[in-house]
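Q: Here's a structure for you.
Number of protein chains: 2
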Amino acid sequence: MTIREAARLLAGLDCIYLLTHQRPDGDTLGSAAGLCAGLRALGKTAFVLPNPDITPRYRPYAAPYLADSQAPPEGAVLVSVDVAAPTLLPPGYRPLAGEVTLSVDHHPTNPRFARNNLVMPGRAATGEIIFSLLRALGVPLSRDIALPLYLAVSTDTGCFRYTNTTAFTHRVAAALLATGIDCDALHTEMFESKSRARLKVEALLIDNMAFYQNGAVALGCLTAAELTALGAAEDDVDNISALSRQIEGVEIGAVLREVSASVCKLSVRTSTKWEANRLCALLGGGGHERAAGAKVPGGMETAKQAVLQAFKTYLGVDEL
Amino acid sequence: MTIREAARLLAGLDCIYLLTHQRPDGDTLGSAAGLCAGLRALGKTAFVLPNPDITPRYRPYAAPYLADSQAPPEGAVLVSVDVAAPTLLPPGYRPLAGEVTLSVDHHPTNPRFARNNLVMPGRAATGEIIFSLLRALGVPLSRDIALPLYLAVSTDTGCFRYTNTTAFTHRVAAALLATGIDCDALHTEMFESKSRARLKVEALLIDNMAFYQNGAVALGCLTAAELTALGAAEDDVDNISALSRQIEGVEIGAVLREVSASVCKLSVRTSTKWEANRLCALLGGGGHERAAGAKVPGGMETAKQAVLQAFKTYLGVDEL
Chain A
135 MTIREAARLL
145 AGLDCIYLLT
155 HQRPDGDTLG
165 SAAGLCAGLR
175 ALGKTAFVLP
185 NPDITPRYRP
195 YAAPYLADSQ
205 APPEGAVLVS
215 VDVAAPTLLP
225 PGYRPLAGEV
235 TLSVDHHPTN
245 PRFARNNLVM
255 PGRAATGEII
265 FSLLRALGVP
275 LSRDIALPLY
285 LAVSTDTGCF
295 RYTNTTAFTH
305 RVAAALLATG
315 IDCDALHTEM
325 FESKSRARLK
335 VEALLIDNMA
345 FYQNGAVALG
355 CLTAAELTAL
365 GAAEDDVDNI
375 SALSRQIEGV
385 EIGAVLREVS
395 ASVCKLSVRT
405 STKWEANRLC
415 ALLGGGGHER
425 AAGAKVPGGM
435 ETAKQAVLQA
445 FKTYLGVDEL
Chain B
135 MTIREAARLL
145 AGLDCIYLLT
155 HQRPDGDTLG
165 SAAGLCAGLR
175 ALGKTAFVLP
185 NPDITPRYRP
195 YAAPYLADSQ
205 APPEGAVLVS
215 VDVAAPTLLP
225 PGYRPLAGEV
235 TLSVDHHPTN
245 PRFARNNLVM
255 PGRAATGEII
265 FSLLRALGVP
275 LSRDIALPLY
285 LAVSTDTGCF
295 RYTNTTAFTH
305 RVAAALLATG
315 IDCDALHTEM
325 FESKSRARLK
335 VEALLIDNMA
345 FYQNGAVALG
355 CLTAAELTAL
365 GAAEDDVDNI
375 SALSRQIEGV
385 EIGAVLREVS
395 ASVCKLSVRT
405 STKWEANRLC
415 ALLGGGGHER
425 AAGAKVPGGM
435 ETAKQAVLQA
445 FKTYLGVDEL
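Chains as they are written, first to last, in this note's numbering: chain A, 135 to 454; chain B, 135 to 454.
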């Protein structure tokens with residue numbers, strides 16, 4: 135379905151309830167809030183269905199639009215935003231998957247599960263599609279619409295740094311900023327602020343990072359005991375392997391984290407010279423070319439030996 | 135002078151040599167390289183005068199345009215880019231300040247020192263002005279022009295995060311990306327890559343950071359001996375105080391660095407609630423509202439006591 139067709143479909147509806155994906159991020163919540171604000175500006179009844187996993191960081195953007203109940207009222211039409219598959223709806227909403235009238239999404243893997251599907255894989259964020267949709271609906275861009283859409287676009291592109299960023303992304307950002315929104319607090323909260331525990335984990339990782347192959351390979355290890363001692367939650371180790379690849383000269387950066395006495399989690403980031411998924415496949419894992427992972431059996435010492443062996447095999451060297 | 139007038143001036147010239155500022159950054163070098171590429175596309179002789187302080191990170195962007203000699207040839211017309219004052223030229227070029235035909239700059243403090251001045255303080259980067267200038271000159275945007283201009287605009291806006299970023303900034307970025315330039319390596323080099331020494335300094339700072347006032351005030355200390363032991367150069371501590379302000383809950387973040395046995399350097403970052411320059415004024419320093427500094431006499435122990443006393447005075451509390 136095209137943007138124009140989706141806009142025509144929405145224009146004919148009166149009561150629209152929006153679904154976001156589980157463990158919601160800035161794109162799903164920002165897209166939902168922006169679309170909801172736009173539909174309300176057209177005089178429609180529109181709400182975002184409450185998502186049980188919304189974190190405090192994102193809550194303020196969705197709060198003005200959240201419905202009181204998880205049950206959409208009689209006659210409401212369901213629209214999902216940034217939901218790549220029915221299984222990615224929060225568990226409580228999965229029974230509704232068959233009743234979704236429109237799915238708006240940018241994930242190429244979206245199986246077109248809804249009755250109507252506006253799926254545009256070339257867009258960096260679903261927020262970019264909502265922007266076009268509201269334009270096609272003739273909704274004037276207000277700050278209430280622009281701020282959540284900026285949240286959607288900026289978070290899904292790493293604030294315009296990821297390779298998914300296009301000229302269109304910047305054109306959307308230009309139109310959003312032209313409304314006069316203030317992005318300063320958003321930038322700090324989303325891209326700069328770190329918990330004390332997170333910083334302690336980073337410091338620990340830097341201190342125990344081991345380098346091989348003249349500094350081209352870096353491996354940092356975090357034991358379960360260390361993480362507990364620092365009071366680090368799951369959030370505090372999220373994406374921590376990115377740090378290993380930031381180090382000058384590192385082409386393969388990896389972090390091995392002890393999840394329990396019997397299993398460790400390996401996370402690998404590579405430069406364009408190496409393929410993270412091929413390295414991780416040697417340990418039964420997988421992922422993308424630049425970012426991949428594997429579950430490695432054993433506690434830290436056992437798992438570390440397996441990882442170093444996989445590095446040797448992948449690099450074709452006898453000694454690291 | 136307007137963009138149109140500056141374009142007319144440049145259109146009438148044949149041989150143009152460009153001046154950049156001392157300790158050159160991405161904006162001065164990217165602007166110079168982009169302008170030089172554009173002038174060459176018009177068939178003109180154009181060079182960037184060699185700047186003795188270009189660091190390896192920036193060199194590749196300027197390299198294709200650097201003149202062989204620091205002495206511009208007979209008949210060459212001098213144009214300075216992003217040079218806010220004659221005193222900011224590299225020392226060897228200061229005698230030429232009176233002969234600059236055109237100064238293109240975005241610093242509001244620019245004293246209009248050249249014969250003609252295109253100074254636009256509303257622009258986030260001088261690169262944005264060069265973009266408009268080349269458009270007015272009718273130069274088609276090529277990748278050779280777009281990449282250095284993207285360097286200029288992205289570095290001067292913290293990759294679109296600083297508050298100087300405008301809708302125009304994003305419109306320029308959109309036009310630059312539309313040429314098909316690949317910004318991935320640039321993003322990594324400019325915004326992500328860190329030296330091992332830098333990371334060690336960050337880890338040390340995180341480990342010894344002290345918190346006061348329920349975590350709203352953070353002070354990290356780096357002794358000269360510690361920095362020497364880590365092999366940290368001046369570059370490795372550049373802007374390190376930003377880290378203290380990134381910590382969740384911190385409103386006043388400060389780093390005290392021992393420069394020698396008799397003097398320490400304080401660097402303070404504040405949230406919008408507090409004024410860094412007023413705090414630093416209590417120690418004889420100054421700066422901006424959100425970022426300021428002071429030189430504090432004494433080695434670490436003496437200086438630290440003075441800083442804590444200044445904190446107490448500024449906050450109006452007896453105990454921190």
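For glycine and all other residues, C-beta sits at the position ideal for the given N, C-alpha and C.
Just curious, the beta strand (DSSP E) that A:Arg-403 is in, first and last residue?
A: As a working mapping, residue 403 of chain A is identified with position 269 in the first sequence. Start and end: 397-404.
Q: Just curious, the beta strand (DSSP E) that A:Gly-226 is in, first and last residue?
A: Translated into positions along the first sequence, residue 226 of chain A becomes position 92. Looking at the DSSP string, A:Gly-226 is not in any beta strand (DSSP E), and its letter there is neither H nor E.
Q: Measuring CA to CA, which of A:Pro-224, A:Leu-281 and A:Val-215 is closest to A:Thr-260?
A: For the purposes of this step, residue 260 of chain A is taken as residue 126 along the first sequence, with counting starting at 1. Closest by alpha carbon: A:Val-215.
Q: Kindly say whether A:His-321, judged by its beta-carbon, lies nearer than 8 Å to any beta-carbon of chain B.
A: Here residue 321 of chain A is taken as the residue at index 187 of the first sequence, counted from 1. Answer yes: the Cβ-Cβ gap between A:His-321 and chain B drops below 8 Å somewhere.
Q: Going by the DSSP bridge assignment, what does B:Pro-431 pair with across the sheet?
A: Locating residue 431 of chain B in the second sequence gives position 297, counting from the first residue. Bridge partners of B:Pro-431: B:Val-397.
Q: B:Asp-161 versus chain A: which residues are under 9 Å apart at the beta carbon?
A: Residue 161 of chain B sits at position 27 when you count from the first residue of the second sequence. Per Cβ cutoff of 9 Å: no residues; B:Asp-161 is ~17 Å from chain A at best.
Q: Is it buried or exposed for B:Arg-191, if we count other Cβ within 10 angstroms and need 16 for buried?
A: Start at 1 with the first residue of the second sequence, and residue 191 of chain B comes out as number 57. Flag for B:Arg-191 reads exposed.
Q: Could you tell me whether the Cβ of B:Glu-382 comes closer than 8 Å to any Cβ of chain A?
A: Residue mapping note: residue 382 of chain B aligns to position 248 of the second sequence, counting from 1. Chain A, which has a Cβ nearer than 8 Å to the Cβ of B:Glu-382, makes this yes.
Q: Beta carbon of A:Gly-433, beta carbon of A:Glu-392: below 8 Å?
A: In the first sequence, the residue the question calls residue 433 of chain A occupies position 299. In the first sequence, the residue the question calls residue 392 of chain A occupies position 258. Contact: yes.
Q: Note down, one range per segment and in chain order, each beta strand (DSSP E) of at least 3 residues found wholly within the stretch 192-275 of chain B.
A: Counting whole runs of 3 or more residues, the stretch 192-275 of chain B contains the beta strand (DSSP E) stretches 211-215, 234-239 and 250-253.
Q: Hey, could you find the ends of the alpha helix (DSSP H) A:Thr-179 is sitting in?
A: By one-based count along the first sequence, residue 179 of chain A stands at place 45. That residue, A:Thr-179, is in no alpha helix (DSSP H); its beta strand (DSSP E) goes 179-182.
Q: By how many angstroms is the C-alpha of B:Pro-224 removed from the C-alpha of B:Ala-367?
A: Taking the first residue of the second sequence as 1, we reach residue 367 of chain B at position 233. Taking the first residue of the second sequence as 1, we reach residue 224 of chain B at position 90. The alpha-carbon atoms of B:Ala-367 and B:Pro-224 are separated by roughly 22 Å.
Q: Assuming contact is defined by CB atoms lying nearer than 8 Å, are A:Ile-263 and A:His-240 in contact in what I supplied?
A: Stepping through the first sequence from its first residue, residue 263 of chain A is reached at position 129. Stepping through the first sequence from its first residue, residue 240 of chain A is reached at position 106. The answer is yes: Cβ separation under 8 Å.
Q: My output table needs one value for B:Leu-176: the three-state DSSP class, helix, strand or coil.
A: For the purposes of this step, residue 176 of chain B is taken as residue 42 along the second sequence, with counting starting at 1. Three-state result, B:Leu-176: coil.
Q: Starting from A:Lys-328, follow its DSSP beta bridges and name the residues at the other end.
A: Mapped onto the first sequence, residue 328 of chain A falls at position 194. Bridge partners of A:Lys-328: B:Ile-381.
Q: Do A:Cys-293 and B:Phe-294 count as a contact pair if the criterion is CB distance below 8 Å?
A: In the second sequence, the residue the question calls residue 294 of chain B occupies position 160. In the first sequence, the residue the question calls residue 293 of chain A occupies position 159. In contact: B:Phe-294 and A:Cys-293 (Cβ atoms closer than 8 Å).
Q: Taking its Cβ as the centre, do 16 or more other Cβ atoms sit within 10 Å of B:His-304, making it buried, or is it exposed?
A: Residue mapping note: residue 304 of chain B aligns to position 170 of the second sequence, counting from 1. Flag for B:His-304 reads buried.
Q: What I want to know is whether the C-beta of A:His-321 ends up closer than 7 Å to one or more non-hydrogen atoms of the ligand NAP.
A: As far as ligands go, the structure on display features none, and thus does not contain the ligand NAP.
Q: Under 8 Å by Cβ, that's how I've got A:Ala-286 and A:Asp-372 pegged, so tell me the actual separation to the nearest angstrom.
A: Looking up residue 286 of chain A in the first sequence gives position 152. Looking up residue 372 of chain A in the first sequence gives position 238. Rounded, the Cβ-Cβ distance is 19 Å, inconsistent with contact.
Q: Take the Cβ of B:Glu-336 as the centre, count every other Cβ of all protein chains shown within 10 Å, and call the residue buried at 16 or more, exposed below.
A: Reading the second sequence from its first residue, position 202 is the one you call residue 336 of chain B. So B:Glu-336 ends up on the buried side.
Q: Let me check one thing: in DSSP terms, what residues is B:Leu-153 bridge-paired to?
A: Working through the second sequence from its first residue, we reach residue 153 of chain B at position 19. B:Leu-153 is bridged to B:Ser-214.
Q: State buried or exposed for A:Thr-406, treating a residue as buried only when at least 16 other CB atoms are found within 10 Å of its CB.
A: Position 272 of the first sequence holds residue 406 of chain A. Flag for A:Thr-406 reads exposed.
Q: Cutting at 6 Å between CB atoms, please list the residues of its own chain near B:Gly-168, excluding the five before and the five after it.
A: Stepping through the second sequence from its first residue, residue 168 of chain B is reached at position 34. Taken in chain order, the residues that qualify are Ile-264, Ile-279, Pro-282 and Leu-283.
Q: Nearest-angstrom Cα distance between A:Leu-143 and A:Gly-209?
A: Along the first sequence, one-based indexing puts residue 143 of chain A at 9. Along the first sequence, one-based indexing puts residue 209 of chain A at 75. Rounded to the nearest angstrom, the two C-alpha atoms are 15 Å apart.
Q: Ends of the alpha helix (DSSP H) at A:Tyr-296?
A: In the first sequence, counting from the first residue as 1, residue 296 of chain A sits at position 162. No alpha helix (DSSP H) holds A:Tyr-296; DSSP gives it neither H nor E.
Q: Pull the bridge partners of B:Arg-391 from the DSSP assignment, please.
A: For this step, residue 391 of chain B is matched to residue 257 along the second sequence. Paired residue(s): B:Leu-356 and B:Lys-399.
Q: Only counting the same chain, and skipping five residues up and downstream in sequence, which positions put a Cβ closer than 8 Å to that of B:Arg-249?
A: In the second sequence, residue 249 of chain B corresponds to position 115, counting from 1. Correct list, in chain order: Val-234, Thr-235 and Leu-236.
Q: Any beta-carbon of chain A closer than 8 Å to the one on B:Lys-334?
A: Indexing the second sequence from 1 puts residue 334 of chain B at position 200. B:Lys-334 counts as touching chain A.
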